Amino acid sequence: MSDLEKVLHKFVESFEHRLNEALQEQKATGANEKVANAKVEPANYDDDFFSKAADDYIEFTYENPTIYHVVNHFSEALEAKGFTYVSEKEQWNIGPGKYYTTRNGTALIAFVVGKNWEPSKGVGAIGSHIDSLTAALKPSSSKTPVDGYDLLGVAPYAGTLGNLWFDRDLGIGGRLLVRDGSTKEVTQKLVDSTPQPIAKIPSLAPHFGEPSKGPFNTETQAVPVIGYGGAERASKPTESEKSAPLYGKHPLQLLRYIAKKAKVEVADILQWDLQLYDVQRGTKGGLDSEFVFAPRIDDRICSYAAIHALIGAAEAGHIPEDNFSVVGLFDNEEIGSGTRQGIRGGLFETVVSRVVSGFQDDETSVNDSLSVTYANTIILSADVNHLVNPNFDNIYLEHHKPVPNKGVVIALDPNGHMATDSIGLALVEELAKKNGDELQYFQIRNDSRSGGTIGPFISMQTGARTIDLGIPQLSMHSIRATVGAKDIGNGIKFFHGFFSNWRKSYDKYIDL
1 MSDLEKVLHK FVESFEHRLN EALQEQKATG ANEKVANAKV EPANYDDDFF
51 SKAADDYIEF TYENPTIYHV VNHFSEALEA KGFTYVSEKE QWNIGPGKYY
101 TTRNGTALIA FVVGKNWEPS KGVGAIGSHI DSLTAALKPS SSKTPVDGYD
151 LLGVAPYAGT LGNLWFDRDL GIGGRLLVRD GSTKEVTQKL VDSTPQPIAK
201 IPSLAPHFGE PSKGPFNTET QAVPVIGYGG AERASKPTES EKSAPLYGKH
251 PLQLLRYIAK KAKVEVADIL QWDLQLYDVQ RGTKGGLDSE FVFAPRIDDR
301 ICSYAAIHAL IGAAEAGHIP EDNFSVVGLF DNEEIGSGTR QGIRGGLFET
351 VVSRVVSGFQ DDETSVNDSL SVTYANTIIL SADVNHLVNP NFDNIYLEHH
401 KPVPNKGVVI ALDPNGHMAT DSIGLALVEE LAKKNGDELQ YFQIRNDSRS
451 GGTIGPFISM QTGARTIDLG IPQLSMHSIR ATVGAKDIGN GIKFFHGFFS
501 NWRKSYDKYI DL
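To convert, note that position 430 of the sequence shown is 430 in our numbering; the numbers rise steadily by one, no gaps.
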């Protein structure tokens, strides 16, 4: 090989090496850009995906009838996907990773912190509520039998015990506080009677005329029947049962039933929080199975979609490394959220503050960093909205009539019942377009009354821009409701796209 050939050979080798480095760098940059603009290919959202999402939701709501079961279920699902539990009662040392925490067994926050996150990147959050209308056992639920019928004392939670709860198969479930007989330690156990209904609120036959039409007194005319002659048939209490903390407050046969379900002794039950619920499984319906008929849709359904979107986006690597992504599920929205486990209890702010504290590496105060964080934050307040009811079409505002299986609904209200503003609306529309999603819109007529969500509360408490939206349903606040069978998957898909793309899209709205 001549000297000239050697020089040319080295030049070609050097050029190929530099070209390969450039290609690798471009490939890495492209990969990062792909994550920043993460858009799951449509092939991943085929008919099987939407059908399975509906089937899985039906199973989820059947297996988890109370809010305690729901939080426990989501905790286990998060653990299985590598999320680490952090207790509020301990100091946190939060770095990049996947975490979750709970409060009272009825609120949960799951979050993913990227390795390149900083306060100026804000938080991409979805907030929902997991309480649903129910009937809760009174502190003393024992009632004197009437004409031989064994009755149960319950109180309505958020407007239950109307005629929509009459003649339903009601199960019982919730949380027990159990005290160990030897160590005296107190632990919790979850119980439910599924598939057995244990109660029924009987309606009065229309043959009796006016008394059968209502309105009904929820204290005296909506009392669940749990048996007939059971108190007389029950064996006498044992000495151990007489010493039980709940003895004399609740029917003995109920105490025994619940203790057996929990595999403990009656005397071990220190306290309980039990609720009645529709025990019947949800199902697909309609000639083409285009609906899901199920209990507790408001609002287990948005919570379910949000959690699965976060898990899926994290697992697929679709959350950019400079993002801080959150799903917060709260209790007591149906009664105003004013509890420690509700959105007004500060759990969301506590989590954000603790994460921000862990990322402080200079003299900037945590308060300053929090202000910067919230100013750069977007929160989706995800709560069910209304499908148009064809039997009452005239009640709805024209051009604001959501239909099933078409996508999530943005809720708007000029009087502050919803938190959506024009910038939030534009942002969500851009995200939907990028993700290939359809959007619908809902606003009440001027002569109607609006409901509320957690949106205005969390927006007020943090100053973060908040958009109210959610999966639409028929028969809101009925014991059983209806959603489009495809809309569970639509919710998961939309929320997944939000976690993937919100930050880059929001960066376009400079200081607005």
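Even glycine gets a Cβ: it sits at the ideal position worked out from N, Cα and C.
All of these numbers come straight from a predicted model, not from anything done at the bench.
- Using a 10 angstroms sphere on the CB of Ile510, the tally of other CB atoms stays under 16, which defines it as exposed.
- With a contact defined as Cβ atoms closer than 8 Å, Asp299 and Asp383 qualify at about 5 Å.
- Per the C-alpha coordinates, the member of Lys115, Tyr304, Asp288 and Thr377 positioned closest to Gly122 is Thr377.
- For Leu151, the beta-bridge partners assigned by DSSP are Val225.
- Per DSSP, reduced to three states, the secondary structure at Phe216 is coil, with no helix or strand assignment.
- At the C-beta level, Val113 and Ala314 stay beyond 7 Å of one another.
- By the Cβ criterion, the segment 485-492 is in contact with the segment 49-56, since at least three pairs of Cβ atoms, one from each stretch, lie closer than 8 Å.
- With a minimum length of 3 residues, the unbroken runs of beta strand (DSSP E) contained wholly in the segment 241-281 fall at 269-278.
- Assignment of beta-bridge partners to Arg103 by DSSP yields Ala107.
- The closest CA to that of Gly97, considering only Phe293, Arg480, Lys138 and Gly317, is found on Gly317.
- In this structure, Glu321 sits away from Asn501, with a CB-CB distance that is not shorter than 7 Å.
- With 16 or more neighbouring CB atoms inside 10 Å of its own CB, Met418 falls in the buried class.
- For the segment 378-445, the full-length alpha helix (DSSP H) segments reaching 4 residues or more read 422-435 along the chain.
- Partner residues in a beta bridge of Lys81, as assigned by DSSP, do not exist.
- Distance from Ile201 to Ala222 at the Cβ level is roughly 6 Å; contact confirmed, criterion being Cβ atoms closer than 8 Å.
- According to the DSSP secondary-structure assignment, Lys184 is paired through a beta bridge with no residue.
- By the Cβ test, the segment 293-308 is in contact with the segment 459-479, since at least three Cβ pairs between them sit closer than 8 Å.
- Contact annotation: the segment 471-487 does not touch the segment 356-371, with fewer than three C-beta pairs closer than 8 Å.
- Straight across, the Cα-Cα distance linking Lys81 with Pro211 is about 55 Å.
- Closest in C-alpha terms to Leu274, from the list Gly285, Leu108 and Leu246, comes Leu246.
- One alpha carbon belongs to Ile172, the other to Gln280, and they sit about 12 Å apart.
- Apart from sequence neighbours up to five positions away, the residues of its chain that approach Gly424 with a beta-carbon distance below 6 Å are Arg465 and Ile467, ordered along the chain.
- In this structure, the alpha-carbon of Leu190 lies about 22 Å from that of Pro224.
- According to the DSSP assignment, Val86 belongs to no alpha helix (DSSP H), since it is labelled neither H nor E.
- The distance from the Cβ of Ala485 to that of Lys284 is about 6 Å, consistent with a contact at the 8 Å cut-off.
- A direct Cα-to-Cα measurement between Gly452 and Gly336 gives close to 9 Å.
- Closest by C-alpha distance to Pro237, out of Asp55, Val266, Glu219 and Tyr228, is Val266.
- Following the DSSP letters along the chain, one finds Ser505 inside the alpha helix (DSSP H) bounded by residues Asp487 to Tyr506.
- Annotation: the continuous beta strand (DSSP E) that includes Gly484 extends over Arg480 to Gly484.
- For Ser141, the enclosing beta strand (DSSP E) has its first and last residue at Thr134 to Ser142.
- Here the C-alpha atom of Ile58 lies approximately 18 Å from the C-alpha atom of Gln196.
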